[in-house]
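> What follows is a single structure, and I will ask about it in a moment.
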Amino acid sequence: MRTSLFITLCALFQYSTAVGRKYSLKAEEDRVPHLPGFGALDDFGMFAGYISVSEKRQRKLFYILVESEEDPVNAPLMLWLNGGPGCSSVGGGFLTEMGPWYPNREGLMINNPHSWNKFANVLYVEAPAFVGFSYSREKQDRDVGDKGTAEDNLSFLIGFFDRFPELQGNSFWLSGESYAGHFVPQLAREVIIHNACVKKHDGFQLSVEEEVLLRSLDCYSRPKLHEGRSYDQLSKSSGSNNHGDEEPDSSGTSHPPGAPLINLVGLTIGNAWTDARLDNTGTVDHWWTHSMISDHTFDGIRSYCDLTKSNPLDPHPDHKHPESDTELCDYFCNLADDEIGPVDIYDMIADDCREPRARGEVMTLGRRLAKAGAWAGLGVKIAAKKGTQAWVDKVLTTRRVETQAKMSAQSNISDARGDALSILANARSKEYNMKSAINEQSHKSRTSFHRALRAQGAHVDEVIGARYRSGESGERDGVAAAIVEDQEPASPGPPYDPCVEDYGEVYLNRADVQVALHANQSDDAVPWRWVFCNHDNPLRYQEEDLQLSMLPIYDEILSLKQGLRILLYSGDADASVPALGTRYWLAELGLRQTGPVDWRTWTSQTKQVGGYVSTYKELQFATVRAAGHMVPYSQPERASFLISHFVFDKELPK
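In structure tokens form, the structure reads like this:
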């Protein structure tokens with residue numbers, strides 16, 4: 015046993031020296047050298063595993079770290095959080111948005127030429143517990159809200175930097191989309207407080223704002239500390255933070271050497287669910303201004319709905335004779351749904367997925383709401399508590415929603431598994447032949463390469479973004495490694511596929527994939543099937559938190575004068591949390607414009623207009639043209655260009 019372990023560790027060490035930087039022994043145990051459907055990871059390092067956020071309650075969060083292709087030692091580190099609440103950052107961000115690959119219907123991983131790891135180390139975490147592969151052995155932990163999620167996310171970060179101390183000095187960014195409009199600013203506040211507590215403990219000078227902040231807080235009573243350790247223990251156990259000895263930061267204070275400071279420099283959030291009243295108002299106004307609903311329906315919703323409490327995206331019960339404002343609101347919201355029709359509310363200009371699902375036609379309430387990042391759990395509970403089966407069936411038909419909740423007929427589950435197994439069997443039988451064809455044709459023309467793929471039964475449009483596996487030919491995906499240098503990409507990447515989430519769900523439930531990712535194994539096994547979004551079973555998110563406004567959190571963050579750089583961006587084809595709602599709540603923040611021209615176009619690598627941008631002294635707001643709710647997937651080139659320019663503080667070209 016010891017000999018086998020020694021050989022394995024030696025192999026990991028040799029691999030780590032060949033690909034990327036070398037990390038701690040504990041971190042190297044999480045290294046992923048091979049990914050099913052793709053092969054050996056030769057171009058960058060990847061890690062996956064669990065980090066405990068509560069030993070007592072056996073609560074662990076699952077993560078994936080993808081190293082930057084270019085200079086991972088100095089590249090920024092970006093944490094990505096999907097929304098929901100209850101949706102997976104691994105299935106969302108990593109697998110179907112800005113990760114290195116997209117899954118296809120054959121079970122293969124297709125190269126994403128606009129992956130964010132072209133310019134950054136990207137960290138994905140499934141939070142809170144009971145999302146994806148993350149879990150707790152305490153059933154009571156199913157009931158969680160924004161506060162508990164922020165505390166666990168901070169505890170995760172402390173544990174992550176304990177495992178990867180080499181990354182502690184890299185510039186650190188919090189990023190996400192949708193309900194991450196709650197997650198990101200609240201985590202930013204927790205990080206700011208944590209850093210102030212560390213500096214206070216080690217006797218370093220605090221800013222005036224930090225001193226005021228800590229007057230009402232007891233650092234030693236805070237539950238955010240990783241594994242319940244005190245600041246004394248954290249300071250002694252942490253590795254070097256790579257700041258050097260007492261290097262002054264931008265505020266004139268010094269970083270205590272060896273303390274677990276988190277080098278937070280900025281936030282980026284897409285289509286951020288922030289303020290219920292303003293975001294809901296923006297949604298209804300967006301529907302009307304884009305001719306998705308009638309004047310009559312628009313007037314009815316605005317007249318009878320309390321948009322601080324009633325979300326127009328929610329399922330609403332029918333009433334034979336609506337009389338009260340609440341009943342009339344239900345009536346007009348249902349009318350809006352009928353008028354909008356079978357349009358993807360998250361990307362109104364994209365086609366919806368019409369293929370038979372690999373996981374079966376499991377049509378139940380919640381997923382449609384989940385992607386919007388708000389009110390999902392409430393919608394499911396309304397259906398379960400107030401609706402008769404006939405009413406639920408009607409809602410399912412009229413609202414055309416699709417989710418993984420367990421209200422659907424169980425007979426579909428076995429059919430789904432059968433279809434999935436069939437697809438996986440075909441994928442596994444083709445995988446070797448596919449790689450052989452690629453290797454054999456790597457020195458030949460693309461035409462011959464495509465012909466060879468067709469001979470193997472592959473779809474050229476699905477594999478055109480795949481890398482040539484031969485290291486001798488020098489053939490690459492043609493995309494500039496340094497995105498920020500405005501080089502023209504040679505490959506547009508795989509075409510948009512509205513069914514990509516279905517492929518991702520099948521992929522992450524494969525046993526060989528879970529083994530490769532060190533997920534759902536032995537002590538970390540979970541009794542549920544991996545799904546994109548967990549709502550109500552097993553996760554139960556606090557409904558009242560969905561209605562909380564994050565504007566006071568932004569006010570507090572800005573008042574602390576930490577010098578954080580903030581980018582808020584919106585896909586202009588998102589009809590669930592649209593740009594209009596974001597503009598409404600930005601106006602209420604009372605921001606200061608940097609100049610007389612506060613609205614202009616920005617242009618991406620393709621020399622086409624990528625969207626519009628408005629710059630304030632406190633933050634920047636940008637739209638992404640023709641992008642839906644999941645901006646990095648619907649417009650990957652524009653998203654990568656926008657984010658990389660902001661992270662490296664480069665002005666967006668006009």
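Throughout, our numbering is defined as the position within the sequence shown, counted from one, plus 14. Ideal Cβ placement from N, Cα and C applies to all residues, glycine included.
Measuring alpha carbon to alpha carbon, tell me which of H215, G190 and P50 ends up nearest G107.
Along the sequence shown, read from residue 1 onward, the residue named residue 107 stands at position 93. Cα-wise, what sits closest to G107 is G190.
> Label P566 either buried or exposed according to how many other C-beta atoms from any shown protein chain fall within 10 Å of its C-beta, with 16 as the threshold for buried.
Translated into the one-based positions of the sequence shown, residue 566 becomes position 552. Label assigned to P566: exposed.
> Pairs of beta-carbons, one from the region 561-579 and one from the region 165-176, closer than 8 Å: are there three or more?
Taking 8 Å as the limit for Cβ pairs, the verdict is that the region 165-176 does not touch the region 561-579.
> Considering only residues of the same chain and omitting the five flanking positions on each side of Q628, which have a CB-CB separation below 7 Å?
Translated into the one-based positions of the sequence shown, residue 628 becomes position 614. For the sequence presented, residue 628 should be read as Ser rather than Gln. Contacts found: D612, W613 and F635.
> Going by C-alpha to C-alpha distance, which of Y116, T295 and D216 sits closest to A593?
Within the sequence shown, numbered from 1, the residue matching residue 593 stands at position 579. When each option's Cα is compared against that of A593, the closest is T295.
> Measuring CB to CB, does P199 end up less than 8 Å from I571?
Residue 199 sits at position 185 when you count from the first residue of the sequence shown. Residue 571 sits at position 557 when you count from the first residue of the sequence shown. Yes, these two residues count as a Cβ contact at 8 Å.
> If we call anything under 8 Å between Cβ atoms a contact, is V645 one with G585?
Counted from its first residue, the sequence shown places residue 645 at position 631. Counted from its first residue, the sequence shown places residue 585 at position 571. In contact: V645 and G585 (Cβ atoms closer than 8 Å).
> Anyone know if the C-beta pair for C674 and C547 falls short of 8 Å?
Residue 674 lies beyond the residue range present for the chain, which begins at 15 and ends at 668; the question has no answer from this structure.
> Between the region 311-321 and the region 275-283, are three or more C-beta pairs nearer than 8 Å?
no
> Just to confirm before moving on: does the CB-CB distance between P99 and L109 stay below 8 Å?
In the sequence shown, residue 99 corresponds to position 85, counting from 1. In the sequence shown, residue 109 corresponds to position 95, counting from 1. Contact flag unset, no.
> For the structure I just gave you, are there three or more beta carbon pairs, one from the region 619-627 and one from the region 167-184, closer than 8 Å?
no
> Let's see if you can read the secondary structure: which residues bound the beta strand (DSSP E) around R614?
Counting from one through the sequence shown, the residue named residue 614 turns up at place 600. Here the beta strand (DSSP E) through R614 covers R614 to T617.
> If you run the structure through DSSP and keep just helix, strand and coil, what is P117?
Sequence index remark: in the sequence shown, residue 117 carries index 103 (1-based). In this structure, P117 counts as strand in the three-state DSSP scheme.
> Would you say H128 and G625 are within 8 Å of each other, going by their C-beta atoms?
Here residue 128 corresponds to residue number 114 of the sequence shown, with the count starting at 1. Here residue 625 corresponds to residue number 611 of the sequence shown, with the count starting at 1. Cβ distance not < 8 Å, so H128 and G625 don't count as in contact.
> Using three-state DSSP, classify K40 as helix, strand or coil.
For this step, residue 40 is matched to residue 26 along the sequence shown. Helix, per DSSP.
> Would you call R45 buried or exposed, if buried means 16 or more other Cβ atoms sit within 10 Å of its Cβ?
The sequence position of residue 45 within the sequence shown is 31, counting from 1. Under the 10 Å beta carbon count, R45 is surrounded by 16 or more other beta carbons and is classified as buried.
> Reducing DSSP to helix, strand and coil, say where G173 ends up.
Counting from one through the sequence shown, the residue named residue 173 turns up at place 159. Reduced to three states, the DSSP call for G173 is helix.
> Taking the alpha-carbon positions, what's the W187 to L93 distance?
Translated into positions along the sequence shown, residue 187 becomes position 173. Translated into positions along the sequence shown, residue 93 becomes position 79. In a straight line, the C-alpha of W187 is about 6 Å away from that of L93.
> Using only CA atoms, which one of S185, R151 and N125 lies nearest to L137?
Here the question's residue 137 lines up with position 123 in the sequence shown. Answer by Cα proximity: S185.
> Leaving aside the five residues before and after A587 along the sequence, list all residues of the same chain whose C-beta is less than 8 Å from its C-beta, in chain order.
Position 573 of the sequence shown, counting from 1, holds the residue named residue 587. Excluding residues within five positions, the ones whose Cβ falls inside 8 Å are D361, M362, I363, A364, A640, A641, G642 and S648.
> Taking Cβ to Cβ, would you say W616 is nearer than 8 Å to P667?
Position 602 of the sequence shown, counting from 1, holds the residue named residue 616. Position 653 of the sequence shown, counting from 1, holds the residue named residue 667. Against a cut-off of 8 Å, the Cβ pair of P667 and W616 comes out as a contact.
> Just verifying my parser: in three-state terms, what is the DSSP assignment at T17?
Taking the sequence shown and counting its residues from 1, the one referred to as residue 17 is at position 3. With a pLDDT of only 46 at T17, under the threshold of 50, the placement of this residue in the model should not be trusted; the figure read from the coordinates follows. Helix.
> Within 10 Å of its beta-carbon, does Q154 have 16 or more other beta-carbons around it, so buried, or fewer, so exposed?
Counting from 1 along the sequence shown, the entry for residue 154 is found at position 140. Per the 10 Å Cβ criterion, exposed.
> Rounded to the nearest angstrom, what separates V222 and K575 at their Cα positions?
Residue 222 sits at position 208 when you count from the first residue of the sequence shown. Residue 575 sits at position 561 when you count from the first residue of the sequence shown. Rounded to whole angstroms, V222 to K575 spans 10 Å at the Cα level.
> Hey, could you find the ends of the alpha helix (DSSP H) E341 is sitting in?
Reading the sequence shown from its first residue, position 327 is the one you call residue 341. Taken as a continuous stretch (DSSP letters only), the alpha helix (DSSP H) holding E341 covers D339 to I354.
> In whole angstroms, what separates the C-alpha of D293 from that of K74?
What you label residue 293 is simply residue 279 of the sequence shown in a count that begins at 1. What you label residue 74 is simply residue 60 of the sequence shown in a count that begins at 1. For D293 and K74, the distance between alpha carbons rounds to 33 Å.
> Let me confirm a value: N126 is counted as buried when at least 16 other C-beta atoms fall within 10 Å, else exposed. Which label applies?
In the sequence shown, residue 126 corresponds to position 112, counting from 1. By the neighbour-count criterion, in which 16 or more other beta carbons inside 10 Å mark a residue as buried, N126 falls on the buried side.
> DSSP three-state call for E375: helix, strand or coil?
Translated into positions along the sequence shown, residue 375 becomes position 361. Unreliable placement is indicated for E375, whose pLDDT of 36 sits below 50; the coordinate value is still reported in the next sentence. The answer is coil: DSSP assigns E375 none of H, G, I, E or B.
> Hey, quick one: how far does the beta strand (DSSP E) through E191 stretch, first residue to last?
Here residue 191 refers to the residue found at position 177 when the sequence shown is read from its first residue. E191 -> beta strand (DSSP E) spans F186 to E191.
> So, at 8 Å on beta carbons, what are the nonlocal neighbours of D569 in its own chain, with the 5 sequence-adjacent residues on each side left out?
Your numbering for residue 569 matches position 555 in the sequence shown. Closer than 8 Å at the Cβ level, and outside the excluded window around D569, lie L603.
> Suppose the cutoff is 6 Å on Cβ atoms and the five residues either side in sequence are ignored; what does the same chain contact list for L95 look like?
As a working note, residue 95 is residue 81 in the sequence shown. So the list reads S103, G190, A194 and F197, once near-sequence residues are dropped.
> Excluding sequence positions up to five away, which residues of its chain have a Cβ less than 6 Å from the Cβ of A54?
Stepping through the sequence shown from its first residue, residue 54 is reached at position 40. So the list reads H48, once near-sequence residues are dropped.
> Spatial neighbours of I354 within its chain, please: CB distance less than 6 Å, with the 5 preceding and 5 following residues excluded, ordered by chain position.
Residue 354 sits at position 340 when you count from the first residue of the sequence shown. Taken in chain order, the residues that qualify are M306.
> Exposed or buried, what is A430 when buried is set at 16 or more other beta-carbons lying within 10 Å of its beta-carbon?
As a working mapping, residue 430 is identified with position 416 in the sequence shown. Unreliable placement is indicated for A430, whose pLDDT of 38 sits below 50; the coordinate value is still reported in the next sentence. Flag for A430 reads buried.
> Name the DSSP bridge partner or partners of D585?
One-based indexing of the sequence shown puts residue 585 at position 571. Sequence check: residue 585 is Gly here, not Asp. Its beta-bridge partners are V638.
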